[in-house]
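The block underneath contains the structure these notes are about, expressed in structure tokens.
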Amino acid sequence: MNYNIIFPTAFDSINPDNDNMDVLVQTENGKQYTFVVATPDNVAYLMKKDNVPFLKPGSPFIFVEKLTEANVRMLVEALMEEDAQLIRMYGEDVYLTDTERMFYSMFIT
Numbered sequence: 051m052n053y054n055i056i057f058p059t060a061f062d063s064i065n066p067d068n069d070n071m072d073v074l075v076q077t078e079n080g081k082q083y084t085f086v087v088a089t090p091d092n093v094a095y096l097m098k099k100d101n102v103p104f105l106k107p108g109s110p111f112i113f114v115e116k117l118t119e120a121n122v123r124m125l126v127e128a129l130m131e132e133d134a135q136l137i138r139m140y141g142e143d144v145y146l147t148d149t150e151r152m153f154y155s156m157f158i159t
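Here the sequence shown stands for residues 51 to 159, where the numbers follow my numbering.
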């Protein structure tokens, strides 16, 4: 399956060791999957910031050791294997309008 990865946030504006970011994957049939990629340090930081010792069930994070474009691309590749079964489990499946498709096409890498 062909797909494009969209990074709404530039990698040079994040801390690769302690941050999270949205990642969008747009397939050739117009489906889009959105998920949050985070580092373990970022989750610890968020729990400390919110003064809680846990993450609530359903927290939307998928983890990478370091938030780099290469790591996120490897993650998406792994999620897209097996006819995208894993990405359906993690990402929100929505259909894009023509206007949204044009907007997101500006970010396609």
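Where a beta carbon is used, it is the ideal one built from N, C-alpha and C, also for glycine.
In the structure shown, Ala60 falls within a coil segment according to DSSP collapsed to helix, strand and coil.
About 6 Å separates the CB atoms of Val93 and Phe111; that is less than 8 Å, so the two are in contact.
Counting only runs that start and end inside the segment 68-138, the alpha helix (DSSP H) elements of at least 4 residues fall at 90-99. Our two residues, Phe113 and Phe61, have alpha carbons roughly 16 Å apart in a direct line.
Minimum Cα-Cα distance from Gln82 among the listed residues Asp72, Ser63, Asp91, Thr89 corresponds to Asp72. No Cβ-Cβ contact shorter than 8 Å links Leu129 with Asp69.
In this structure, the beta-carbon distance from Glu127 to Asn121 does not fall below 8 Å. Of the candidates Thr89, Ile64, Phe57, Phe57 places its Cα closest to the Cα of Gln76.
Under DSSP, Asn54 forms a beta bridge with Gln76.
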